[in-house]
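To start, the structure itself, in structure tokens.
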Amino acid sequence: MIITSPTGTEYMVGDLVGQTATYRLYLCTQVGTGRQCLLQVAKETTHNGDLDRTAYILRELRAKADELERQYESRRRFPDERLNYHFGFPEAVESFVVKEQGGRRINVLVFPCVDNVIQLVPLYNIIYKDHKRVNTRTSAWIMGKILKILVFAHDQEFQVNNLEPSNILIEPDLHFVVVFDWSDARSSPHGMEADLTRADIMKAAHAVITLLGGDATMRSFPEDGVENASVYLDHLLQLAAGRQSSAAHAHKEFYQLLKNSLHWKGFHPFTTLNR
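Counting from 36, one number per residue, gives the positions in the sequence shown under this note's numbering.
Written out as structure tokens, the structure reads:
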């Protein structure tokens, strides 16, 4: 099936790849360019407002990310250095209502960090479908990149809210992390309250602890032989317990801890183990 947007752009609709209570997700290809996209289709017209709001939030985030990138140009240490905040969320390239689809709204989503959407894997799939866990160093780059997304979102006065493993996607080889669904995000135009920012950090830490095969309640983790891992794991537990309400402080503190305890030196390959 081909769907045509108001701009005249055609999208070839592919397989259903997911759904929630309010929308269905289909793989799709932009006709003419071959660009891989996701088609987010409201299940009912009563959910059109949810998709419209999602598209608005994603466009606001992209506009601010682009603005910050322009401001950063004069401060780059290297010519190709970028902030790349826009890698942390989808881009809504189009949002429109299709009469032939019963007047339901459609969002066309792409991911600036990857060429093909199937490169991205939800943490949920690793945990519950593949029955795997990641090792300590893999969890560290995932947590660090989630905190970077939270720094950006909170600065734009958005609480992400949905940070379940099903909503956090990773590109395992290139080390990208994406928060996919922003429909539950809350705007706080008069400033982010500490309880809201703390809740996001706690949820992110819980997701990563689960990905590690750990149990925050029992304060237990499987052993993977990393020296000084207990310092890092204890820090994750503290974040999960609500120790930190500032994503910016949490992000800075997190990488300092990695350098001090795990002797962090950069890229660590994505590694999974049996649960």
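Note that CB positions come from ideal geometry on N, CA and C, so glycine has one too.
Glu-288 sits in a helix when the DSSP states are folded into three classes. Between the C-alpha atoms of Glu-206 and Gln-154 there is a straight-line separation of about 6 Å. Burial state of Pro-41 is exposed, judged by a 10 Å Cβ sphere holding fewer than 16 other Cβ atoms. Annotated three-state conformation of Ala-90 is helix, per DSSP. When beta bridges are read from the DSSP output, Arg-140 appears opposite Val-132. Nearest Cα to Leu-292 within the set Trp-176, Leu-86, Ser-255, Tyr-107: Trp-176.
By the beta-carbon neighbour count (other beta carbons within 10 angstroms, threshold 16), His-166 is exposed. For Arg-168, the secondary structure class from DSSP, reduced to helix, strand or coil, is strand.
Using a Cβ-Cβ distance cut-off of 8 Å, the stretch 136-146 and the stretch 276-294 are not in contact, since fewer than three pairs of beta carbons, one from each stretch, lie closer than that value.
Here Asn-196 is not bridged, per DSSP, to any residue. For Ala-77, DSSP records a beta bridge to Tyr-58. Ser-255 is bridged by DSSP to Asp-250. Taking a cut-off of 8 Å for Cβ pairs, the stretch 220-238 and the stretch 190-201 touch, as three or more such pairs fall below it.
The three-state reading of DSSP puts Glu-104 in helix, counting H, G and I together. For Val-128 and Arg-97, the gap between their C-alpha atoms comes out near 11 Å.
Annotation: Pro-125 to Val-52 spans about 16 Å, alpha carbon to alpha carbon. Taking 8 Å as the cut-off, the beta carbon of Leu-73 is found closer than this to the beta carbon of Leu-62. Proximity to Lys-164 across Ser-201, Phe-256, Tyr-120, Tyr-91 peaks at Ser-201, based on C-alpha coordinates. In this structure, Asn-142 sits away from Gln-71, with a CB-CB distance that is not shorter than 8 Å. Here Met-178 is not bridged, per DSSP, to any residue. Here the alpha carbons of Lys-134 and Val-169 stand approximately 45 Å from one another.
Selection Lys-78, Tyr-91, Gly-43, His-270 evaluated against Thr-55 yields Lys-78 as nearest (Cα-Cα). Excluding five sequence positions before and after His-270, the CB atoms of its chain that fall closer than 7 Å to its own CB belong to Leu-292, given in chain order. When secondary structure is reduced to three states using DSSP, Met-36 falls in the coil class, being assigned neither helix nor strand. As the crow flies, the alpha-carbon of Asp-230 is around 28 Å from that of Thr-171.
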